[in-house]
Amino acid sequence: MGTKRVVVVCGWMGAKARPVTKYADLYRKLGYDAVVLLSSQGDFLTDGANVHPTATDDLLPPAESLELIPHMLSNGGCRSWYCFEDHLRASQRAFRVPAMVFDSAPSRATTEALLETWKGAGNLPSLGLSLGMRAFLVQLTLYPYVTRTANVFGLHWRRYFVEQAHIPKLFLYSSADEIVSAECVQAAIEDATAHGSDVASVNFGRSPHVSHLATEPVGYTKHLQAFLDKHVR
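With our numbering, the residue at position 64 of the sequence shown is 46, and numbering never jumps.
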């Protein structure tokens, strides 16, 4: 069966299938197979073993080995890929990750980053969304203390930028992002670079959170394709 290459598009928290699938469609136009993982608030408030527990069997094709490229949208995407990768390891399927893409991600495991998101939540399209996000942020803050578990943002940071420093990374972000600030992403870029990662980054400047593709589709596609051509093709 040989090696199968698949892009795993990991959607942002609460996103419906339709907007996330647009990213998978873009990859297909670029010549890649792609699958989609969706994210919910509950993914952050449970053990990782409960997040996408059957997705590796449901989504991935049979192959002797897999070459997987995660495209992580916001922190929901980072959480999904972290848990998905854990399930892959547990299943003992042969796979490698030649490159990874961070889109509007990640947040730091700091109070400052949390407060930035809290402030940004006030600008969501409706009062209900704003209140819902802030209620979730309170739960998210308390969860590690109540359950005596590690902060998930710290886990993401350590795996992606320390343990997986050998994997090339593309960061797509914006100075206008009010949910995951440019400062958070720039800190990730600095940390990844300091640990030896081959890093590329694009600041789209004016696009809102997880809206870089919608705001600048031509530039977004150009930068993504250049990164993939360098590290995957």
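Ideal Cβ positions, reconstructed from N, Cα and C, are used throughout, including at glycine.
Item checked: Within 8 Å, strictly: CB atoms of His191 and Pro80 -> It is not a contact, given that the beta carbons lie outside the stated cut-off.
Item checked: Nearest candidate by alpha-carbon position, reference Glu94, set Ala37, Leu106, Ile161 and Trp63 -> Comparing Cα positions, the closest option is Ile161.
Next item on the list: State the beta-bridge partners of Leu19 as determined by DSSP.
Entry: For Leu19, the pairing in a beta bridge is given by DSSP as Cys(-8).
Notebook entry, point to check: Which stretch, first to last residue, makes up the beta strand (DSSP E) that contains Glu145?
Noted result: Counting along the chain, Glu145 falls outside any beta strand (DSSP E), and DSSP gives it neither H nor E.
Margin query: Using C-beta distances below 7 Å, list every residue in its chain close to Thr175, excluding the 5 sequence neighbours before and after it, in chain order.
Written below: Once the five neighbours on either side are set aside, the close Cβ partners of Thr175 are Val181.
Next item on the list: Keeping to the same chain, check which residues put their C-beta closer than 8 Å to that of Cys166; ignore five residues upstream and five downstream.
Entry: Pro88, Ser89, Arg90, Ala95 and Glu98
Notebook entry, point to check: Of all the options Tyr127, Trp(-6), Thr123 and Glu198, which has the alpha carbon lying nearest to the alpha carbon of Pro52?
Noted result: Trp(-6)
Notebook entry, point to check: Among residues of its own chain, excluding the 5 on either side of Asn185, which ones have a beta-carbon nearer than 8 Å to its beta-carbon?
Noted result: Tyr155, Ser156, Ser157 and Ala164
Check: Per DSSP, what kind of secondary structure is Ser73 in: helix, strand or coil?
Finding: helix
Margin query: If you follow the alpha helix (DSSP H) that Glu198 is in, where does it begin and where does it stop?
Written below: Glu198 -> no alpha helix (DSSP H), and no H or E assigned at all.
Checklist line | Cβ shell of Val18 (< 7 Å), same chain only, five flanking positions each side left out | finding: Val(-9), Gly(-7), Ala(-1), Val2, Thr3 and Ala6
Next item on the list: With DSSP as the reference, label Ile171 as helix, strand or coil.
Entry: Ile171 falls in the helix class under three-state DSSP.
Checklist line | Straight-line gap, Gly(-4) to Ser108 (C-alpha atoms, nearest Å) | finding: Their backbone Cα atoms lie some 15 Å apart in a straight line.
Checklist line | Cα-Cα separation between Phe84 and Glu198, rounded to whole angstroms | finding: 16 Å
Next item on the list: Measuring alpha carbon to alpha carbon, tell me which of Asp29, Gly24, Val(-12) and Leu119 ends up nearest Tyr9.
Entry: Taking the Cα of Tyr9 as reference, the smallest distance to any Cα among Asp29, Gly24, Val(-12) and Leu119 is reached at Val(-12).
Check: Between the C-alpha atoms of Ile171 and Arg116, what's the straight-line distance to the nearest angstrom?
Finding: 27 Å
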